[in-house]
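Q:
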Amino acid sequence: MPKTSSYEKLRDKWVKRHRTLSKRLLTRHKDSIEWLKTHSKQLAVGSAASAILLTSPVGSTLGPQQASSFQTTEQIGRETFLVSDLSKLVPQEVRELTPIEEEKLANALSRDFGVDVKVGINGIRLNRTYGMIGQEQHLARFPQDTMDTHFDNAKDAALYAREGMAPGLGAWRYFANSQAEMTEEDKLREKYYIAVPTFIAPGFNTHVAEYRDFFKYRKMILVNPDNGKAIIADIGDSGPAEWTGKHLGGSPEVMAYLERVDRTRVLYFFVDDKNNKIPLGPIKLVK
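Mapping the sequence shown onto the working numbering, position 50 (from 1) lands on 1221, and the numbers just tick up by one.
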C-alpha cells in the first residue's frame, strides 16, 4: 500500500480542521448566524466568509496558496462573528457601561482573544471602558527624535508620517534616554501607545503616586466593535481633556490598524499581563 504523501496529509489536516471549526461556529454562534441574515452592513463580509467556513473545502485541490487563503478567510469569519456577538453586548449609544455590561464584555474578550481582560486591576480602573477615540500624533521617543529619525523604513514613514510629531512629550517623558539606548520594546511602546485620562480615574486625586506608577505603560486591549479588529496597546500619555468630547486617544498606528478615525467608538479594557508575555500590537482571535 503506497505511503500517504505530504500533500494528502496537508489536505486531510485542513479538511479535519474545517469540520471542527464549522461545528464550533454552529454551536457557539447560532444566534449570530441569524443576526448576519438581518444586518446588511456585515452581511457582505459575513456571507462570503461563512460560505467558505460552513461548506466543504475543495480537498482535492488544496495547496499551500489555498491554505493561506483559507487562514485569512477564517480570520475574517471569526471577526464577523465577533462583531455580531458584540452587537448584543455593546450599546450603539456611546455611554458609560454598567458594571454588569463591563463584566460580560471582559469575559467575552478574555475568551475570544485568549488574554486576561479586566475592567480594573488591584482596585484601579479608568472612568470608563467604552468611548470615543481621538487621533493622536507621534511622541518623541528620545531627545532630538524628529520625523526624520522616527521610522525604521520608508514604508512606515509613507503610511504614518502625515500625523506629525506632538509638540510636547508624553506623560512619562521620553521612552529612552538616547537613540543608541532605545530598545525594541521602547519602539513598540511609542508605536502602539494610547492616551487615557488618568487624572479622572476614580481615586486618582488621593493616590497620585500610586496611580501614576500603575498607569505607566500599562497594557490595554482596544477593540473596534464595528469590524472585530483588536490591538494590545500601552498607556503612553495622559489625556484628552473632557471638553474635547473624546475619551481616549490612539497613535497613528493604533488608529490605522483598528480602522478608526477621530471621534469613533472603541472598547478599551486592561490586560492583566504580570509577566510581560503579551506582545504589543495587533492581536488575533483564538482558534
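A virtual CB, placed ideally from N, CA and C, is assigned to each residue, including glycine. None of the values given here were measured: they were computed from a predicted structure.
Would the stretch 1303–1315 count as touching the stretch 1440–1452 if we require 3 or more Cβ pairs under 8 angstroms?
A: Because the criterion of three Cβ pairs below 8 angstroms is not met, the stretch 1303–1315 and the stretch 1440–1452 do not touch.
Q: Return the chain-ordered list of same chain residues with a C-beta closer than 6 angstroms to the C-beta of Lys1387, the five sequence neighbours on each side being excluded.
A: These residues qualify, in order along the chain: Trp1343.
Q: Out of Val1367, Asn1398, Leu1393 and Glu1424, state which residue places its alpha-carbon closest to the alpha-carbon of Lys1383.
A: It is Arg, not Lys, that sits at residue 1383 in the sequence shown. Checking every option, the nearest Cα to that of Arg1383 belongs to Val1367.
Q: Specify whether the stretch 1349–1360 and the stretch 1282–1297 touch according to this definition: at least 3 beta carbon pairs, one from each stretch, less than 8 angstroms apart.
A: Because the criterion of three Cβ pairs below 8 angstroms is not met, the stretch 1349–1360 and the stretch 1282–1297 do not touch.
Q: Quick check: what's the CA-CA separation for Pro1270 versus Asn1324?
A: The alpha-carbon atoms of Pro1270 and Asn1324 are separated by roughly 44 angstroms.
Q: Taking the alpha carbon of Gly1339 as the point to measure from, which residue in Gly1410, Val1288, Phe1370 and Val1425 has its own alpha carbon closest?
A: Among Gly1410, Val1288, Phe1370 and Val1425, the Cα nearest to that of Gly1339 belongs to Gly1410.
Q: Checking 8 angstroms against the spacing of the C-beta atoms, do Leu1310 and Asp1408 come in under that value?
A: Cβ atoms of Leu1310 and Asp1408: closer than 8 angstroms.
Q: Note down, one range per segment and in chain order, each alpha helix (DSSP H) of at least 4 residues found wholly within the stretch 1249–1332.
A: As far as the stretch 1249–1332 is concerned, its whole alpha helix (DSSP H) runs of at least 4 residues are 1270–1284 and 1325–1331.
Q: Glu1430 and Tyr1363 look like a contact to me (Cβ under 8 angstroms); what is the Cβ gap, rounded to whole Å?
A: With 8 angstroms as the limit, Glu1430 and Tyr1363 do not qualify as a contact, their Cβ atoms being about 15 angstroms apart.
Q: In terms of DSSP beta bridges, what is Arg1436 paired with?
A: BP columns for Arg1436 point to Met1303.
Q: Could you check which residue in Tyr1439, Val1437, Lys1458 and Gly1421 has the C-alpha nearest to that of Glu1334?
A: If we check each option's Cα against that of Glu1334, Gly1421 comes out closest.
Q: Mind pulling the beta strand (DSSP E) runs of 3 or more residues that sit fully within the stretch 1350–1381?
A: Taking only runs of at least 3 residues, the beta strand (DSSP E) segments lying wholly in the stretch 1350–1381 are 1364–1367.
Q: Output yes or no for whether 8 angstroms exceeds the beta carbon distance between Arg1299 and His1378.
A: Contact: no.
Q: Taking the alpha carbon of Glu1264 as the point to measure from, which residue in Leu1438, Ile1371 and Ile1454 has its own alpha carbon closest?
A: It is Leu1438.
Q: Rounded to whole angstroms, what's the CA-CA distance from Lys1400 to Glu1250? Just pull it up for me.
A: Lys1400 and Glu1250: Cα-Cα distance of roughly 7 angstroms.
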